[in-house]
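Residue numbers (the working numbering): 3 to 346.
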């Protein structure tokens, strides 16, 4: 059975994104052997990582792993397009960042090669996958097999986000205290507010007797480093599901201080996603057209059909046609149900 068929069968399952990723990895391993992996979901607009599924030899060098990955340029997920799959061994390192990444993997984990792929469609970047191999390099045939599985995988990842919007909301009984983590320039956590622990455990489920890994915070902070280094220009921001019905936004910013700015600490905040940000993500996840998105935004602001028609210079019949299309894409039958999902 080909890689494409195996992956398509895994993608046909209607499951959450974590179960989906595990099923796909199980389907890939017989045809494309790998020793470790990192599969990160990303904010589709900023392409910043927000939800990891990873199995690596050791988490001792996790902050360095993330920091150096974001400072790469040649095999960076933001530069992979059109079904492109690359590996570390397929060409020379482009710059110091790529060389540092390659040398770190070999020294820290004894990893000889990494196959990298990103999941892009017209709506944005939904994640990236790195397969790690200790012995030998990934072959051209293996990379091609992974490339052929890209289209169904990308569609399945976006469907998983659709399901997140459709999931019944869990009543929010958590604290409204500010959630802030203070990271050192090397991304190690210096301090955090008391509410941070519960948020981090929700973002990446962790056993009660272990400290949660602030992976999402590391990723937005690493993106800040990439912006400062001129590697990528997306803002250091990502939106991720904290729990059903609760979408949060993570942001990173450098603190002010004396001397070299790069030696100053980094603040990462976690806050409830603003209604307009949630609505924009809903439109992207459901692949709404520009006009359909305009109609939905008007509804969210309290407009009725006539008001929407007037604001957008459309006939009321056209507004109704756009709404019918939005209902079909969102899988709802009423404006109330639509707004409940889109606005939360």
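A virtual CB, placed ideally from N, CA and C, is assigned to each residue, including glycine.
Query: Nearest-angstrom beta carbon gap, residue 147 and residue 110 [assumed within contact, 8 Å]; Result: The pair is not a contact, with the Cβ atoms about 28 Å apart (cut-off 8 Å).
Query: Reduced DSSP category for residue 227 - H, G, I as helix; E, B as strand; rest coil; Result: helix
Query: Terminal residues of the alpha helix (DSSP H) in which residue 121 lies; Result: Looking at the DSSP string, residue 121 is not in any alpha helix (DSSP H); the run it does join, the beta strand (DSSP E), is 115-123.
Query: Contained alpha helix (DSSP H) runs [length at least 4] in the region 13-82, N- to C-terminal order; Result: 19-30 and 64-72
Query: Residues bridged to residue 294 (per DSSP); Result: None, per the DSSP bridge assignment.
Query: C-beta contact flag for residue 220 and residue 65 at 8 Å; Result: yes
Query: Span of the beta strand (DSSP E) around residue 129; Result: 126-135
Query: Burial state of residue 242 (16 or more Cβ within 10 Å); Result: buried
Query: Beta-carbon contacts of residue 121 that lie in its chain and below 8 Å, excluding the five residues immediately before and after; Result: 127, 128, 129, 130, 131, 152, 155, 156 and 159
Query: Contact test: residue 80 Cβ vs the ligand SAH heavy atom, cutoff 7 Å; Result: Ligands in the displayed structure: none, and consequently the ligand SAH is not present.
Query: Euclidean distance between Cα positions of residue 102 and residue 20; Result: 30 Å
Query: Host alpha helix (DSSP H) of residue 264 (start-end); Result: It is not in any alpha helix (DSSP H) - residue 264 carries neither H nor E in the DSSP assignment.
Query: Beta-carbon proximity check, residue 33 vs residue 5, cutoff 8 Å; Result: yes
Query: Span of the alpha helix (DSSP H), counted from its first residue to its last, around residue 151; Result: That residue, residue 151, is in no alpha helix (DSSP H); it is neither H nor E in DSSP.
Query: Contact set for residue 36: own chain, Cβ-Cβ below 7 Å, skip 5 residues either direction; Result: 133, 134 and 135
Query: Classification of residue 335 by the beta-carbon crowding that lies within 10 angstroms, buried from 16 upward; Result: exposed
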